[in-house]
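The opening position of the sequence shown corresponds to residue 2 in my numbering, with each subsequent residue numbered one higher. Each residue gets a CB set at the ideal place from its N, CA and C atoms; glycine is no exception. Computed from a predicted structure; not experimentally measured. Notes follow once the structure below has been shown.
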Amino acid sequence: MTTSSTWITPPTAGSERLDGTEAAIVTADRLLTGRRGSTETSLEVLTDPGHRVGVLLDGSRIAAVGALPALQAAAASLPGRTPPRHLDLEGATLMPGLIDTHVHLATSGTDVEYPDYGDLEIQHLTLNAARSARELLSVGVTAVQSLGARHYVDVALRDAIAAGSLRGPQVRAAGPQITTTSGHSWQAGSEVDGLDSIRHAVRYHHKRDVDTVKFMATGGFTTGGSAPWNAQFTTEEMALIVSESHRLGHLCAAHAHGTQGIDRATVAGVDYLAHASFVSTAGRSEFDPGLADRMAEAGIYVDCTVTAELPALVAYDDSFAPPVRLLWEHGVRVVTGHDAGIPAIPHRSYVGGLEALEQMGLPRSEVILAATSRAAAAIGLAGVTGVLAVGYDADLIAVEGDPTQDLAVLRCLKLVATKGREFVADPVPGLARRAERRGQQEGRDSQAAPLWPDEILGAYRDRARRAAAHPQV
Ligand SMILES: [Zn+2]
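This is the structure:
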């Protein structure tokens with residue numbers, strides 16, 4: 002339920018240059034609209050030899066985009082507006098705010114996946130979500146899709162941010178992931194078995210006001226005992242989850258590592274696939290070009306969960322290399338979902354995930370589209386955010402330098418604004434590389450240590466190897 006707040010919100014540093022209610026002009030050296038450019042691997046970039054370029058904000062919306070004289074002319078025609086404030090950011094690039102299409106807000110990524118908070122579980126998870134929201138905004142992420150949160154804390158967070166009670170990205174919420182009894186992420190609290198049980202779960206999520214319904218099409222690497230290479234539901238069961246979600250007006254997203262689960266979810270008609278790692282029963286990623294073609298044809302959005310640390314993991318064992326480049330070549334709509342919030346993926350590592358996506362073979366222009374306009378469409382916010390154009394929410398960032406030359410400049414934020422209001426970023430600590438941590442925690446015996454694909458697949462392959470050597474009698 003959205004409540005209107007009469008509070009003066011929230012405690013701030015008091016130094017915001019844009020308040021989200023007045024008219025304002027923001028200019029910089031160049032502007033990325035979030036659209037593709039004239040060639041396949043270019044972006045639409047606005048520059049003007051004689052002037053700065055930027056946006057005119059009418060409160061929370063974008064009222065004009067262009068060179069400064071055009072913005073000033075447009076400002077003069079805004080009804081009832083005094084001359085707008087002009088914020089000029091020399092040397093900077095203005096662009097749409099960044100989007101993470103796959104986050105877990107109730108956890109930090111620096112702790113275990115399901116911390117034990119005893120009787121105060123809901124309270125702690127809710128506060129964690131508020132903290133995650135602030136951390137994401139501090140690294141320039143202005144919209145997210147929450148693909149799993151216990152007790153629907155993401156729904157409450159979405160409404161609190163929308164009401165202005167808290168600062169954070171615009172949230173699209175899925176509530177707890179639907180899974181099978183003891184299946185992947187059963188701890189999230191939405192276990193189903195059989196068609197009636199599925200109907201009830203989807204309808205209950207609808208009653209709790211989710212935006213997206215997320216289900217676990219295969220096992221996962223962070224739930225011991227689940228099998229990532231196997232599907233968890235029949236095609237008929239998945240089709241029911243999808244049709245019931247669509248009937249109630251929701252998008253439907255599936256977690257799928259194994260090829261069998263990707264295939265069934267594609268047949269079932271999902272809108273979004275998380276991971277798509279094509280893990281086969283051989284215990285490694287084995288790309289299926291025919292299936293990729295069908296995913297592309299169906300228009301499914303796919304996050305390959307390429308995180309900041311993935312290149313190091315792939316260098317250690319290339320059987321985890323996600324086929325992100327191949328998927329893109331087959332025309333699949335790749336988006337930037339990082340699974341942030343699960344162990345070892347803190348929300349603040351967002352830009353590292355974009356750099357990793359480029360390292361894994363996606364052109365830089367594609368990475369930027371995947372993180373802005375395409376991501377917005379993937380989470381149901383087409384026409385709302387992810388593009389700097391008239392009528393869109395004024396969700397924008399400015400960075401020092403030019404991200405079309407180097408994605409690293411996305412860390413040099415000069416401005417973050419949601420719905421036209423500046424957010425003064427919190428300082429966020431840097432991160433040790435996974436390779437360094439791997440050295441530090443030899444043995445990984447602690448309960449807090451995450452389960453990694455190499456452990457689960459290693460055990461599986463070892464069993465298969467031993468069985469193959471067993472006498473066939
Ligand atoms: Zn996830």
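**Q.** Element boundaries [alpha helix (DSSP H), containing L33]
**A.** Where L33 is concerned, there is no enclosing alpha helix (DSSP H), although the beta strand (DSSP E) it sits in stretches over A24 to R37.
Q. Do the CB positions of V425 and E122 come within less than 8 Å of each other?
A. no
Q.
Quick check on S61: does DSSP put it in helix, strand or coil?
A. coil
Q) In whole angstroms, what separates the C-alpha of E456 from that of Q233? A) Distance between the alpha carbons of E456 and Q233 is about 21 Å.
Q. How many whole angstroms separate the CB atoms of I343 and E114, which I take to be in contact at a CB cut-off of 8 Å?
A. 6 Å
Q: On a CA-only basis, which of W329, E423 and M239 is nearest L363? Give me that one, please.
A: W329
Q: Starting from E359, trace the beta strand (DSSP E) both ways and give me its first and last residue.
A: Unbroken run through E359 is the alpha helix (DSSP H), Y351 to Q360; no beta strand (DSSP E).
Q. Since C253 sits in a beta bridge, which residues does DSSP pair it with?
A. V214
Q. If you count every other CB in all the chains shown that lies within 10 Å of the CB of G440, and 16 or more means buried, which is it?
A. Bear in mind that the predicted position of G440 carries a pLDDT of just 45, short of 50, making it too unreliable to give a figure here.
Q) Quick one: what's G184 bridged to in DSSP? A) None; G184 has no bridge partner.
Q: Might you give, ordered along the chain, the residues of its own chain that have their beta carbon closer than 7 Å to the beta carbon of L167, omitting 5 neighbours on each side?
A: P11, A131, A134 and A161, listed in sequence order.
Q) Of the choices D407, T386 and V474, whose alpha-carbon is the least far from that of Q171? A) Among D407, T386 and V474, the Cα nearest to that of Q171 is on T386.
**Q.** Euclidean distance between Cα positions of A418 and A275
**A.** 28 Å
Q.
What residue range does the beta strand (DSSP E) around R1 cover?
A. Residue 1 cannot be examined here, being either before or after the span of the chain that is shown, 2 to 474.
Q.
Along the chain, where does the alpha helix (DSSP H) containing S133 start, and where does it finish?
A. Segment E122 to S139, the alpha helix (DSSP H) holding S133.
(Q) For a quick check, are the C-beta atoms of D396 and H103 less than 8 Å apart? (A) At the C-beta level, D396 and H103 stay beyond 8 Å of one another.
Q. Comparing the CB of A150 with every heavy atom of ligand 1, is any distance shorter than 7 Å?
A. no
Q | Three CB pairs or more closer than 8 Å across the stretch 319-338 and the stretch 350-370 | A | yes
Q.
Alpha carbons only, please: which of G169, Y393 and R285 is nearest the one belonging to V56?
A. Y393
Q) Taking the alpha-carbon positions, what's the C413 to C253 distance? A) 35 Å
(Q) Rounded to the nearest angstrom, what separates S286 and R467 at their Cα positions? (A) 21 Å
Q) If we count the other Cβ atoms within 10 Å of its Cβ and call it buried at 16 or more, is Y153 buried or exposed? A) With 16 or more Cβ atoms within 10 Å of its Cβ, Y153 is classed as buried.
Q: Give me the Cα-Cα distance between D49 and S139, rounded to the nearest whole angstrom.
A: If you take the alpha carbons of D49 and S139, they lie about 30 Å apart.
Q) Can you round the beta-carbon distance between D272 and I242 to whole angstroms, since I take them to be within the 8 Å contact cut? A) About 12 Å; that fails the 8 Å criterion.
Q: May I ask you to check if the CB of H206 is nearer than 7 Å to at least one heavy atom of ligand 1?
A: no
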